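The structure under discussion appears below in the form of structure tokens.
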Amino acid sequence: MQEIKKRYVIPGDKIVEGDYKPLMNVVRSGNYLISTRVGIAEAGKDGVKVIPLSGVYIPRVNDLVIGKVIDRSSLSWDVDINSCFFAHLPAQDVFGRDFSPARDDMGRQLSIGDLIIARIVSFDRTRDPMLTVQDKDLGKIPYGEFIKISPTRVPRLIGKRGSMIQTIEQATQTRVIIGQNGIVVVTGRDVDGLSLAVKAIKMVEEESHTSNLTQKVKTLLNVHDPIEEDQSKNTTVSYNGGSAVSSTPEQAANAQQQQQQQQQHPQQQPEPQSPASAVSSTPEQAANAQQQQQQQQQHPQQQPEPQSPASAVSSTPEQAANAQQQQPQPEPQNPSTSAIRNNNEKSENNLSDSLNNIDQKEQKQELENEDA
Amino acid sequence: MSELKLIDENGRRSDNRGIDDLRQIKITVGVVKNADGSAFIEFGKNKIIVAVYGPREVHPKHMALPDRCVLRCRYHMSPFSTDTRKNPAPSRREVEISKVIRESLEPSLILSDYPRAVIDVFVEVLQADGGSRCAGIAAASVALADAGINMRDLVSACAAGRLGDKIVLDINDLEDKEGDADMPVAYLSNMEQITLLQLDGKLSSSQFSECLNKAIDGCKLVYEIQKEALMKKYFGNETELKEEI
């Protein structure tokens, strides 16, 4: 089979001739595979696909979406999830199995106009999508800056291994919740940081097809770091069609690198925790949190944003304690803040064993450096 | 009579074109911010704006199809688009052109990908100068691609016709009214399939073949302009993907 270079395509363009398997946004016409969308065509071992640059959101099971409650019946809420189908959130999902329309007031839990983060539990060609808010950190979003972007830009906004969104969050001291359906909610206390984050997100959307976008965003955010510049070179074309959740081992490594950078550049005022480390599920991550505490003590001029309760979701008692120490005046309850990031938790748990040794060594080195 | 009027002794037409010349075509993509996809086309003096909304929920609900998407098209001429004011109410001609535009676009779309949904295409003629249905189809196809609808190919459209014994490409308003035949054609350039073929006037068998081939050649030229417009919107001036290592 011939090698296919990535290239720009429009509907009807012949991508390749031969016995390739058509994957995403590709159809077979005779002996050719042709593109059905405007986008970037690429071929892998599995087959040929086109990563689209435009289009509406088509629901998929297990996607995390942000939706707006637009109506309610006696048994469910209708939710606009920025798609061609309205989603349904059953009242039983919120009230429990003993829900009674006569006894329970649905308006007490969710009103029309409320914004929720939810997971799609079922969807097919014949039925509208069904939502759930039962998982951890799903539910109502109480506050935040609402941005709507094209769903096709979501992978780009997240970046490879979450690099783009981490950059934005750290530089603006905000938290960004991204739904797969292209709805983004930004929260934070600093008004300037909020507006800068919104500006950066819109820039990513507008210039998502351009190369070296991470560097452009860093320039906008006034982030100058040679180490990160090196990283950005690897994130030029990141239309990997991946999920809104970065769940790779590299993410954990990134988080560690960022910690190192924090130590090397104390004049910077990053957020206390990167998204990857926001959900700590290993003893090493607990140690990270401790390190951050030490950093704060060493650099009292830093005034990082307090962690929201959701970001302090900890799977070990030590972490919980650390989080409480770091958070004397927590923000109002925001159960959904870390919902997307928590999706990493399972994969991080699986991968954490393999990373343990590396992490421990690096942390020891860091501590030694600090002592020195 | 018409030959003297519409083509001079040097073979030039009323607007100084040769018999195989297209009018100036310019397509701009993404002009309507609130639409899912849009395009603006200047096809000679024709100025047409097309907006695509969808796939979205069908209203009224009973129109929804369980196995595929509904495509709705509305071709409308603004009251100021013609020399004398046009009544804004949909005329018989507009209803018919709406239908033929829909039927010319449908084969290019993979409607089964969006069951129970609807795609609305609004073709608004701001200035008309003959061949507005062809221009509308070309712009609508680009707008559909801009909206991210799954398509097998772009639909290009162009008309050809007869002025006396000469077969000419791209009939304008005067040639449409005074000429002897007008044949609008919509064509899938990559798939080499015709999605619209109309004929107003009389042509012999050989003239028909010549006219059709000429119209298809025109469609291929229009396709290049459509492609360029889409590439410019999404990839700027880059023609090839540059990957940094």
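Protein chains in written order, with this note's numbering: chain L, 23 to 394; chain V, 4 to 248.
Where a beta carbon is used, it is the ideal one built from N, C-alpha and C, also for glycine.
These figures come from a predicted structure and were not determined experimentally.
**OP:** Below 6 Å CB to CB, which residues in the same chain sit around Pro74(L) once its five sequence neighbours on both sides are set aside?
**Re:** Asn47, Arg59, Gly61 and Thr174
**OP:** Compare the Cα-Cα distances from Gln130(V) to each of Ala218(V), Gly47(V) and Glu231(V) and report the closest residue.
**Re:** Gly47(V)
**OP:** Determine the closest residue to Ala184(V) out of Ile28(V), Gly57(V), Gln201(V) and His79(V), with distance taken between C-alpha atoms.
**Re:** Gln201(V)
**OP:** With a cut-off of 8 Å on the beta carbons, I'd call Cys214(V) and Ile170(V) a contact; round off their distance for me.
**Re:** 5 Å
Subject >> Start and end residues, alpha helix (DSSP H) containing Ile174(V) >> reply: Looking at the DSSP string, Ile174(V) is not in any alpha helix (DSSP H), and its letter there is neither H nor E.
Original post:
Which partner residues of Gln192(L) appear in the DSSP bridge assignment?
Top reply: Gln192(L) is not bridged to any residue.
Subject >> Ile44(V) vs Ala142(V) beta-carbon contact at 9 Å >> reply: yes
Subject >> Close beta carbons around Ala361(L), own chain, < 8 Å, minus the five adjacent residues each side >> reply: Summary for Ala361(L): the model assigns pLDDT 41, below 50, so the residue's position carries little reliability, and this model does not support an answer.
**OP:** With 8 Å as the limit, tell me which residues of the segment 160 to 191 of chain L have their beta carbon closer than that to any beta carbon of chain V; keep them in chain order.
**Re:** Thr174
Subject >> Those residues which DSSP pairs with Arg119(L) across a bridge >> reply: Paired residues: none, contrary to the question.
Original post:
If you draw a straight line from the C-alpha of Ser212(V) to the C-alpha of Leu172(V), how long is it?
Top reply: 13 Å
**OP:** Tell me whether Cys161(V) sits in a helix, a strand or coil according to DSSP, three-state version.
**Re:** strand
**OP:** My understanding is that Asn104(L) touches Ile205(L), with C-beta atoms under 8 Å, so please give their C-beta distance in whole angstroms.
**Re:** 6 Å
Original post:
What does Pro60(V) reach in chain L if we use C-beta pairs closer than 8 Å?
Top reply: The question names Pro, yet the displayed sequence has Glu at residue 60(V). Cys106, Phe107 and Phe108, listed in chain order.
**OP:** Using a Cβ cut-off of 9 Å, pull out every chain L residue sitting near Pro118(V), in sequence order please.
**Re:** Arg147 and Thr148
Original post:
Who are the Cβ neighbours of Ser115(V) in its own chain at under 7 Å, not counting the five residues just before and after it?
Top reply: Asp70 and Arg71
Original post:
Is the Cβ-Cβ distance between Gly134(V) and Ala162(V) less than 9 Å?
Top reply: yes
Subject >> Where Val49(L) meets chain V, residues with beta-carbon distance less than 9 Å >> reply: Ile113, Asn153 and Arg155
Original post:
Can the beta-carbon of Ile113(V) be found less than 9 Å from the beta-carbon of Asn49(V)?
Top reply: no
**OP:** Following the continuous beta strand (DSSP E) through Arg8(L), name the residue where it begins and the one where it ends.
**Re:** Nothing about residue 8(L) can be read from this structure; chain L reaches only from 23 to 394.
Subject >> Contact list for Tyr79(L) against chain V, beta-carbon separation under 7 Å >> reply: Simply none; closest approach about 10 Å.
Original post:
Shorter than 9 Å from the beta carbon of Tyr30(L) to some beta carbon of chain V?
Top reply: yes
Subject >> For Cys252(V), the first and last residue of its enclosing alpha helix (DSSP H) >> reply: Here chain V covers residues 4 to 248 and nothing more, so residue 252(V) does not appear.
Original post:
So which of Val155(L), Val208(L) and Ser133(L) has the shortest CA-CA distance to Val116(L)?
Top reply: Val155(L)
Original post:
Helix, strand or coil: which one does DSSP assign to Ser185(L)?
Top reply: helix
Subject >> Within chain L, partners of Asp220(V) - CB distance below 7 Å >> reply: Within chain L, no residue comes near Asp220(V); the closest Cβ sits about 18 Å away, beyond 7 Å.
Original post:
Is the CB of Val91(L) under 9 Å away from at least one CB in chain V?
Top reply: no
Original post:
Can you name the start and end residues of the beta strand (DSSP E) that Asn49(V) belongs to?
Top reply: Asn49 to Glu60
Original post:
Assuming Pro58(V) and Ala120(V) make a contact with CB atoms under 8 Å, what is their CB distance in whole Å?
Top reply: 4 Å
Original post:
Does any residue of chain V bring its CB to less than 9 Å from the CB of Ser76(L)?
Top reply: yes
Original post:
Which residues bound the beta strand (DSSP E) around Ala42(V)?
Top reply: Gly40 to Phe46
Original post:
Does the beta-carbon distance from Leu153(L) to Val143(L) come in below 9 Å?
Top reply: yes
Subject >> Cβ-Cβ separation, Ala160(V) to Cys222(V) (assumed contact under 8 Å), whole Å >> reply: 6 Å
**OP:** Quick one: using the 10 Å Cβ neighbour count with 16 as the cut-off for buried, is Lys3(V) buried or exposed?
**Re:** In the structure as shown, chain V starts at 4 and stops at 248, and residue 3(V) therefore has no counterpart that could be examined.
Original post:
Under 9 Å between C-beta atoms, does Ile200(L) make it to chain V?
Top reply: no
Original post:
Should Pro123(L) go down as buried or exposed, given a rule of 16 or more other Cβ atoms within 10 Å for buried?
Top reply: exposed
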